[in-house]
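Q:
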Ligand SMILES: Nc1ncnc2c1ncn2[C@@H]1O[C@H](COP(=O)(O)OP(=O)(O)OP(=O)(O)O)[C@@H](O)[C@H]1O
Ligand code: NI
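Residue numbers (the UniProt record's numbering): 1 to 273.
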C-alpha cells in the first residue's frame with residue numbers, strides 16, 4: 001500500500017534572473033514500510049523535493065502537482081493541517097543538526113517539546129519518551145545527553161540525537177536529507193545501521209536522500225536517481241546496482257563498484273611493531 005504518492009511535482013523559484021525549475025515534474029511513490037533512497041548529483045533538486053513535500057519553502061517558491069499522503073493531498077491542505085502532519089506523521093531530519101537545533105536550549109528540552117506539542121503528553125511522559133528514543137539511537141548515557149547543549153556533543157552523537165527527534169513521535173514517514181553528512185565513513189555506516197534498525201522495528205517508512213551509495217545499497221529497498229530536477233530512474237535496489245538503466249546511473253554505479261573493490265582489496269594498515 002502506498003504511503004506517499006507524488007504526482008508531477010514542480011517546484012520553481014522566482015529569482016531576479018527569472019524562474020529556476022528545481023523540481024521538474026517528479027512522480028514518485030513509496031509503499032508503507034519501504035525504505036527508498038533518492039540519489040543524484042548536487043543541485044539535482046533532492047532537498048527541494050523533500051522540502052516541497054512538507055511545504056517548507058521560501059516565499060519565492062511555486063509548487064504545482066499533487067502529493068498524496070495516506071490518501072490526503074498535502075499541497076492543497078491548510079497550513080494548520082500541515083503543521084499537524086509535520087512533526088508527527090511526517091518527520092524530517094536535516095543534514096546539519098547543529099543548524100536545526102537551538103544552541104541555547106538543552107537537548108532534553110528540545111526533545112521533550114516534540115511529543116508535548118504534537119501529542120499533548122505531560123513533561124514526565126515526554127521525558128520518558130525522550131530517554132527511550134535516545135536509548136534506541138544507541139546514545140550512551142541518555143540522561144547526560146538530555147542535559148547537554150548541542151555544542152557539547154560530537155557530530156556522530158548529534159546525528160543520533162537528530163534521529164531520536166525524528167522518531168520520538170513514531171512518524172509514519174521519516175524524510176532524512178543527508179543525515180550522515182560530515183561524519184567519517186565508519187560513523188556513516190554505524191548511524192545508517194541504527195536508522196535501519198529503528199525503521200524496521202517501528203515500521204517507519206524512510207525517504208533517504210544521500211550521496212552515500214553504500215548506505216543506499218545496504219539500507220534501502222528502492223532507489224531513485226535525480227538529474228536536473230527530474231527522476232530519471234527508479235528501481236529495486238538490487239537490480240539498480242546490478243543493472244542500472246540511465247547513463248548517469250551507470251556512471252554512478254561504475255564509480256561505486258570501483259570504489260568498493262578498491263576498499264576491499266586495500267591492504268590492511270598495521271602499526272609497525
Ligand atoms: N531559494 C532558492 N532560490 C532559487 N533557487 C534555489 C533556491 N533553493 C534552491 N535552489 C536551486 O534549486 C536547485 C536544487 O537544489 P537542491 O538543494 O534541491 O539540490 P540537491 O539535489 O539537494 O543538492 P545537494 O546534493 O548539493 O544537497 C539548485 O539548482 C538550487 O540552486
Ligand atoms: Ni540537498
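Ideal placement from N, C-alpha and C gives every residue a C-beta, glycine not left out.
In this text the structure is predicted, and so the values were computed from the model without any measurement.
Please state the DSSP three-state secondary structure of residue 91.
A: Residue 91: strand per DSSP, three-state reduction.
Q: Any heavy atom of ligand 2 within a distance shorter than 8 Å of the CB on residue 95?
A: Yes, ligand 2 has a heavy atom inside 8 Å of this Cβ.
Q: Give me the Cα-Cα distance between residue 234 and residue 252, rounded to the nearest whole angstrom.
A: One C-alpha to the other measures close to 14 Å.
Q: Could you compute how far the alpha carbon of residue 269 sits from the alpha carbon of residue 138?
A: Model confidence at residue 269 stands at a pLDDT of 42, short of 50, so the residue's coordinates are unreliable and nothing is read from them.
Q: Taking only the alpha-carbon atoms, compute the straight-line gap between residue 9 and residue 143 and give it to the nearest angstrom.
A: Rounded to whole angstroms, residue 9 to residue 143 spans 43 Å at the Cα level.
Q: At a cut-off of 8 Å, is residue 231 close to ligand 2 when judged by its beta-carbon and the heavy atoms of the ligand?
A: It does not: the Cβ of residue 231 is nowhere closer than 8 Å to a heavy atom of ligand 2.
Q: Is the number of C-beta pairs between the segment 118–127 and the segment 181–192 that are closer than 8 Å three or more?
A: Verdict: no, contact absent.
Q: Is it the case that the CB of residue 47 approaches a heavy atom of ligand 2 more closely than 8 Å?
A: Flag set: Cβ of residue 47 near ligand 2.
Q: Measuring alpha carbon to alpha carbon, tell me which residue in 31, 159 and 113 is nearest residue 169.
A: Here the closest residue by C-alpha is 113.
Q: What does a CB cutoff of less than 8 Å around residue 271 pick up in its chain, not counting 5 residues either side in sequence?
A: Confidence is the limiting factor: at residue 271 the pLDDT is only 43, short of 50, which leaves the residue's position unreliable and the question unanswerable from this model.
Q: Report buried or exposed for residue 212, applying the criterion of at least 16 other Cβ atoms within 10 angstroms of its Cβ.
A: Flag for residue 212 reads buried.
Q: Determine which residues share a DSSP beta bridge with residue 7 and list them.
A: Bridge partners of residue 7: 66.
Q: List the endpoints of the continuous alpha helix (DSSP H) containing residue 109.
A: Per DSSP, residue 109 belongs to the alpha helix (DSSP H) from 107–119.
Q: Go through the segment 123–164 residue by residue and report every complete run of the alpha helix (DSSP H) that reaches 4 residues or more, in order.
A: Those alpha helix (DSSP H) runs which fall completely within the segment 123–164 and span 4+ residues are 123–136 and 142–147.
Q: Three-state secondary structure (DSSP) at residue 178?
A: Here residue 178 sits in coil by DSSP.
Q: CB residue 205 to CB residue 35, shorter than 9 Å?
A: It is a contact, given that the beta carbons lie within the stated cut-off.
Q: Given a threshold of 16 other Cβ atoms within 10 Å of its Cβ, counted over all protein chains shown, does residue 262 qualify as buried or as exposed?
A: Residue 262 should be labelled exposed.
Q: Could you give the distance in angstroms between the alpha-carbon of residue 46 and the alpha-carbon of residue 178?
A: Between residue 46 and residue 178, the C-alpha separation is close to 10 Å.
Q: Can you tell which of 29, 210, 111 and 79 has its C-alpha closest to the C-alpha of residue 162?
A: Nearest of 29, 210, 111 and 79 to residue 162, Cα basis: 111.
Q: Residues in the same chain with beta-carbon distance under 8 Å from residue 216, minus the five sequence neighbours each way, listed in chain order, please.
A: These residues qualify, in order along the chain: 37, 39, 208, 210, 223 and 237.
Q: Counting only the same chain and skipping the five closest in sequence on each side, list residues whose C-beta sits under 8 Å from that of residue 221.
A: Contacts found: 34, 35, 36, 236 and 237.
Q: Quick one: using the 10 Å Cβ neighbour count with 16 as the cut-off for buried, is residue 257 buried or exposed?
A: Answer is exposed; the Cβ neighbour count stays below 16.
Q: Check this for me: beta carbons of residue 92 and residue 57, under 9 Å apart or not?
A: No, the pair does not count as a contact, with Cβ atoms beyond the cut-off.
Q: Below 8 Å CB to CB, which residues in the same chain sit around residue 157 once its five sequence neighbours on both sides are set aside?
A: Once the five neighbours on either side are set aside, the close Cβ partners of residue 157 are 139 and 145.
Q: CB residue 133 to CB residue 164, shorter than 9 Å?
A: In contact: residue 133 and residue 164 (Cβ atoms closer than 9 Å).
Q: Verify the contact flag: residue 224, CB atom, against every heavy atom of ligand 1, threshold strictly below 8 Å.
A: No, Cβ of residue 224 sits at least 8 Å from all heavy atoms of ligand 1.
Q: Can you give me the C-alpha to C-alpha distance between residue 4 and residue 66, rounded to a whole angstrom?
A: Residue 4 and residue 66: Cα-Cα distance of roughly 10 Å.
Q: Which residues bound the alpha helix (DSSP H) around residue 55?
A: Taken as a continuous stretch (DSSP letters only), residue 55 belongs to no alpha helix (DSSP H), as it is neither H nor E.
Q: Within 8 Å: the Cβ of residue 209 and any heavy atom of ligand 2?
A: It does: the Cβ of residue 209 is within 8 Å (strictly closer) of some heavy atom of ligand 2.
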